[in-house]
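Structure first, then comments.
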Amino acid sequence: MLEIVIFSTLNGILYGLLLFMLSSGLTLIFSMMGVLNFAHASFYMLGAYFAYTLGMHTGFWPALILAPLLVGALGALVERFGLRRVHANGHVAELLFTFGLAYVIDELVQMMWGTVAVAYREPAYMREPLFTLFGTDYSIFRGVVILISILMFVALWYLLKKTRVGLMIRAALTHGEMVGHLGHNVPRLFMGVFGFGCALAGLAGVIGGPIMSTEPGMAATLGPIVFVVVVVGGMGSLQGAFYASLLIGLIQTFFVAVNASVADVVNAMGANLDPYGELGRISLATLAPMTPFILLVLILIFRPRGLMGELEP
Amino acid sequence: MSQDISAAMQRSKSRPSLRGLVPWVVFAAVLLLLPFVFQGNSTAFTLLNVIGINIVFALSYNMLLGQGGMLSFGHAVFFGLGSYAAMHAMIAIDDASYAGEGFWAHVPVVGMPVIGMIAGGLVALVLGWPFCRRAGTAFAMITLGLGEMVAAAGQMFPSLFGGEAGIYGNRMVGPQWFGLELAQSADVYWFMAFWTFLAVFAMWAFTRTPLGRMSNAVRDNPDRLQFIGYQPRNIRFMIFIASGSFGGLAGGMAAVNYEIITPEALGLIPSGLALLMAAVGGLGVFYGPIVGAIVVTLMNSMLSDYTDASILYVGLVFLSIVMFAPRGLGGGIEQVRVAWRDGDLGRRLPGWLTGTLAVGLIIVGMVVLVEMMFQATHGDDEFAQVLGMEFDAAALWGWLAAAVLVALGVVIKRATNKLREDQA
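As given, the protein sequences belong to chains A and B, one line each in that order.
Following the numbering used here, the numbering of the first sequence begins with 1 at its first residue and continues without gaps.
Following the numbering used here, the numbering of the second sequence begins with 314 at its first residue and continues without gaps.
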C-alpha cells in the first residue's frame, strides 16, 4: 500500500510537472494575446519527434536543447505569418486558425514519421535505477525529468520576475496598449512569448516522449487535458495552472494505480451498489482518463472562475 | 427612428412574397432531379446521402457558431446521442414487429430523425445550462471537455453504447410509409432528401423568428442586450437546445443511413468535422454551411482515390480559408451575387479571375510539394503524379517547378491586390 502511494505520488508529480510545462506556455500566451492556442499540444508532439530525429544524429543531450529551440522558432514563425494576420478577424478566427494548424501538424507528423509509435527512448544509462524501494526501481531518467522541469520553472520565474523582458511581459499582460505607447515593440514581444511558449511545449515533448510514447495520437491525448488545466486553474493564472497541473496529475495517476471499482468506493461510503452491475463494475483505472473532465464540470458549477482566476472566463 | 424601423419592417414583410420562394423551389427541384441524373449509380447515391446528413449537421452547428457566436468543440455529442437514440428506437421497432404489437410496432423508420431530434434537444436541455454562462473561449473549452467526457463515457457503458463495436440496427423493419422500402441507397435518398429539405427550411425559418434574431444580437453585443433587459444566458441556452435538436436530427438521419453507430461518433473528430464544414462554407451566410458540407464531403471521399494525403488537403484548405478568406466559400458566392445584382460584375470580374488564377497556381504548386514530400518519405511509387505529370522527388527540378508555381501565384496575387487598390 505504502509502495503504491509513494510511487503514485512521484509519478503524479512528474506527470503534473509535464502538464505544467505545457500549460504555463499556454497560459502565458492566453493572458497576453487572448488566444487559446489549440495547436499547443501539437508543438509538444513536434518536440518529441524532433528530439527523436535529432537524437539519432547528435545524441540525447544536444537534442534536448536543439529540439525545443527548433519548435520555438517554428512557433514564432506561426505567430508572425499566420496568427498575426488572422488577429484582425477576432478571437474566434484565431482559435479556428490554431485548430486548423493542429489538424495540419497531426497530418504532417503522420506523413513524415508514420502512423505508429517511433522508438524514441532515453539513453540506456538513464534506464538504470536511481533508487529501489520495496523492490521497485525508479529510473534515473524520471529523476532527470523532474530535475529539468524544476530547473525550467526556476528559470521561468526568474525570467518573469527579475529581468527587464519579464517586466515588459508582465506589463503587457495587463496594459498591452500602454506598453506599446511607451515605445516597446509589442507585436515582437507577442511573437517572442508565443515562440517561448511553444519552446516550453517542445521541451515537454522532448522529456515526455520517452515516458508517454511518441506517436501521432499524443497531441490529441494530452491537448484537451492541458485546456482543462488552464480552465480549472483559472484562465490566465500561472499559479492556478501550477496547482491544477499537479492536482490533475496526481488524481489521474492515483486513479490508475488504485485497484478498485466504482462499487467498492460507493459501497465503502455506505451505499449499496451491485458490484457486478453496469456502473458498479467499472474500475477506477478506466475512469482515469475522464477525471480531468469531471473536475472541469465540477469547477464550472461550483467555482466558475477556476482555482486562482480573478475573473469568470 | 421608430418610423425607420417600421419602414424596414414593412420592407422585410413585403419581400418574402415570391422572390423569397425562388431558392426553395430551385432547392426542391435539384433534390427531385438528382436521382434521375445519377440513376443506377449506387456510389453516387451513397455519397448524396452522406452529403444530406452533413448539410443538416453543419447547418445545426452554424446555429451556434455563425448565428449565436458560440464556438463549440462538442457538437458531435448531440449528433452521436441522437443517432444512438434513433438506433435504439430502430432496434425496438425490429423487436416489436416480430411480436406485431406494442407502441413501436406502429412507428415507421422514416420517422427516426424525430427521435434523434428529441434526444438531441433533451441532452442539450439537461447539459446546457452551466455551459451557457459565457460565450467565446470559455464556452469552447467547456464544450471540448463535454465532448471528451461523453466520448469516454461511450466506451464505459457497453449495454447502451455497444463498446468499441457500437450498436447496429436494421432499417427495413416496421411499417413502410410512402412505399419506401429503404433497401438500397437510391431508396434511402428520398428519405434523405425529404428530411434535408425539411430541416434546412426549419433552420432557415428559425433565423427569422425573434429568437433567431436575438441570437445574432447575443453574438454581436451581449452587454447591450443585457441593458435592454434580456438575459444573454437564457438566449444562449435556447439556441444551444435548438442547435442540439437539429444536430440530433442529423444523427437520426445517420442512424438510418449507416445502420451502425460507434462511440467514435461522439468524439472530437466529428465535432471538428462540423466546424470544418461550417467554416469552409462560410459562417456569415445562411447557405454557407451547405456549400461547405458539399465541398468537404466530396473532398473527403473523392480525394482519397487520388492521394494518400487527402486529410492534409482538407486541413490546408481550412487553414487557408481561415487566413485568406474568413467569409468562406459562401461569402465569396455572396460577393459575386451582390456584384451581379448591382451591375458591378463587369468591372470587378477581371480582378476576381486573375485572383482565382493566382490561387489556382498556388494550389497546384502546393499539391506538387505535398505529393513529392509524401513520395519522398514513403517511397511507395517512384514518382508523384499531379495532373497526369510525373514529378521525381529525388530530382531537384520537381521542387523547383513547385516553388516557381507558388511564387508565380503569389506575384500575380500581389499584382491583383495592387490593381484593386488603385481602382478603389
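Ideal placement from N, C-alpha and C gives every residue a C-beta, glycine not left out.
Source: prediction; values computed, not measured.
In terms of alpha-carbon separation, which member of A:Thr98, A:Gly12, A:Val5, A:Leu26 lies closest to B:Phe757?
With chain B running from 314 to 737 in the structure shown, residue 757 of chain B is simply not present.
In the structure shown, what three-state DSSP assignment does A:Ile282 receive?
By 1-based counting over the first sequence, the position of residue 282 of chain A is 282. Under the three-state reduction of DSSP output, A:Ile282 falls in the coil class, being neither helix nor strand.
Opposite A:Phe131 in the DSSP bridges: which residues?
The count along the first sequence starts at 1 and reaches residue 131 of chain A at position 131. DSSP lists A:Tyr138 as partners of A:Phe131.
A:Thr253 vs A:Ser23 beta-carbon contact at 7 Å:
As a first step, residue 253 of chain A is located in the first sequence; it is residue number 253 there, counting from the start. As a first step, residue 23 of chain A is located in the first sequence; it is residue number 23 there, counting from the start. Between A:Thr253 and A:Ser23, the gap from beta carbon to beta carbon reaches 7 Å or more.
Using beta carbons (cut-off 7 Å, strictly below), is B:Phe391 in contact with chain A?
As a first step, residue 391 of chain B must be located in the second sequence, where it is residue number 78. Among the CB atoms of chain A, none fall inside 7 Å of the CB of B:Phe391.
For B:Tyr481, list the residues DSSP reports as bridge partners.
As a working mapping, residue 481 of chain B is identified with position 168 in the second sequence. Answer is B:Ile573.
Environment of A:Pro313 [buried if 16+ CB atoms lie within 10 Å]:
Position 313 of the first sequence holds residue 313 of chain A. Note that A:Pro313 scores a pLDDT of 44, beneath 50, so its modelled location is shaky; the value from the coordinates is reported in the next line. Looking at its Cβ environment, which holds 16 or more other Cβ atoms inside 10 Å, A:Pro313 is buried.
Around the C-beta of B:His388, are 16 or more other C-beta atoms found within 10 angstroms, so that it is buried, or is it exposed?
The count along the second sequence starts at 1 and reaches residue 388 of chain B at position 75. By the neighbour-count definition (other C-beta atoms within 10 Å, threshold 16), B:His388 is a buried residue.
At a Cβ threshold of 7 Å, is B:Ala567 touching chain A?
Sequence index remark: in the second sequence, residue 567 of chain B carries index 254 (1-based). By the rule that beta-carbons nearer than 7 Å mark a contact, B:Ala567 does not touch chain A.
Could one say the Cβ of A:Thr37 lies closer than 7 Å to chain B's Cβ atoms, at least one of them?
Mapped onto the first sequence, residue 37 of chain A falls at position 37. The question names Thr, but residue 37 of chain A is Asn in the sequence shown. Chain B contact via Cβ: absent.
Using a cut-off of 7 Å between C-beta atoms, extract the partners of B:Met551 located in chain A.
Here residue 551 of chain B refers to the residue found at position 238 when the second sequence is read from its first residue. Neighbours of B:Met551 on chain A: none; closest Cβ ~20 Å, over 7 Å.
Could you work out which residues of chain B lie near A:Thr286, taking near to mean beta carbons separated by less than 7 Å?
For the purposes of this step, residue 286 of chain A is identified with residue 286 of the first sequence, where counting begins at 1. Contacts between A:Thr286 and chain B, judged by CB atoms closer than 7 Å, involve Met469 in chain order.
Residues in the segment 607-636 of chain B with C-beta within 7 Å of chain A's C-beta atoms, listed in sequence order?
In summary, the residues of the segment 607-636 of chain B whose CB is separated from some CB of chain A by less than 7 Å are Ala622, Ile624, Leu625, Gly628, Leu629, Phe631, Leu632, Val635, Met636, in the order they occur in the chain.
Is there at least one Cβ from chain B nearer than 7 Å to A:Pro187's Cβ?
Position 187 of the first sequence holds residue 187 of chain A. Chain B contact via Cβ: absent.
Closer than 8 Å is the cut-off here; do at least three beta carbon pairs connect the segment 720-729 of chain B with the segment 673-685 of chain B?
The segment 720-729 of chain B makes contact with the segment 673-685 of chain B: 3 or more CB pairs, one atom from each, lie closer than 8 Å.
Relative to the C-alpha of B:Ala689, which residue among B:Ala622, B:Phe550, B:Pro663, B:Met551 is closest?
For this step, residue 689 of chain B is matched to residue 376 along the second sequence. Looking at the Cα atoms, B:Ala622 is the closest of the given residues.
Return the chain-ordered list of same chain residues with a C-beta closer than 6 Å to the C-beta of A:Ser245, the five sequence neighbours on each side being excluded.
Start at 1 with the first residue of the first sequence, and residue 245 of chain A comes out as number 245. Only residues of its own chain outside the window of five on either side were considered, and among them Gly16, Leu19, Phe20, Ser23, Val229 have a CB closer than 6 Å to the CB of A:Ser245, listed in chain order.
In chain A, which residues lie with their C-beta within 8 Å of the C-beta of B:Leu588?
By 1-based counting over the second sequence, the position of residue 588 of chain B is 275. Neighbours of B:Leu588 on chain A, chain order: Leu96, Phe99.
Just verifying my parser: in three-state terms, what is the DSSP assignment at A:Ser261?
Within the first sequence, residue 261 of chain A is the residue found at index 261, counting from 1. Strand.
So, using beta-carbon positions, are B:Ala606 and B:Met590 closer together than 7 Å?
Against the second sequence, residue 606 of chain B aligns to sequence position 293. Against the second sequence, residue 590 of chain B aligns to sequence position 277. Yes.
What residues from chain A crowd round B:Pro443, counting only those whose CB sits closer than 9 Å?
Taking the second sequence and counting its residues from 1, one reaches residue 443 of chain B at position 130. Contact note: B:Pro443 reaches chain A through Val297, Leu300, Ile301, Pro304, using a C-beta cutoff of 9 Å and chain order.
Continuous alpha helix (DSSP H) assignments of at least 4 residues falling wholly in the segment 174-261 of chain A
Runs of the alpha helix (DSSP H) spanning 4 or more residues and lying entirely within the segment 174-261 of chain A occur at 186-212, 218-233, 238-257, in chain order.
For B:Gly365, the first and last residue of its enclosing alpha helix (DSSP H)
Reading the second sequence from its first residue, position 52 is the one you call residue 365 of chain B. Start and end: 355-375.
Measuring alpha carbon to alpha carbon, tell me which of A:Gly114, A:Gly209, A:Val35, A:Ala285 ends up nearest B:Phe687.
Within the second sequence, numbered from 1, the residue matching residue 687 of chain B stands at position 374. Among A:Gly114, A:Gly209, A:Val35, A:Ala285, the Cα nearest to that of B:Phe687 is on A:Gly114.
Cβ neighbour criterion (16 or more within 10 Å) applied to B:Thr575
On the second sequence, residue 575 of chain B is found 262 positions in, with the first residue counted as 1. Looking at its Cβ environment, which holds 16 or more other Cβ atoms inside 10 Å, B:Thr575 is buried.
Which same chain residues, not among the five before or five after B:Glu577, have their C-beta less than 6 Å away from its C-beta?
Counting from 1 along the second sequence, the entry for residue 577 of chain B is found at position 264. The beta carbon of B:Glu577 is closer than 6 Å to none in its chain, skipping five residues each way along the sequence.
So, is the C-beta of B:Ala592 closer than 7 Å to a C-beta in chain A?
Position 279 of the second sequence, counted from the start, is the residue given in the question as residue 592 of chain B. Residue contact check for B:Ala592 against chain A: a CB pair falls below 7 Å.
Among B:Gly664, B:Leu625, B:Leu670, B:Met636, which residue has its Cα nearest to the Cα of B:Leu259?
Nothing can be reported for residue 259 of chain B, as the shown portion of chain B is limited to 314 through 737.
Presumed contact (8 Å Cβ cut-off) between A:Ala117 and A:Ser213, rounded CB distance:
The sequence position of residue 117 of chain A within the first sequence is 117, counting from 1. The sequence position of residue 213 of chain A within the first sequence is 213, counting from 1. Going by Cβ atoms, the distance from A:Ala117 to A:Ser213 rounds to 5 Å, so yes, they are a contact pair.
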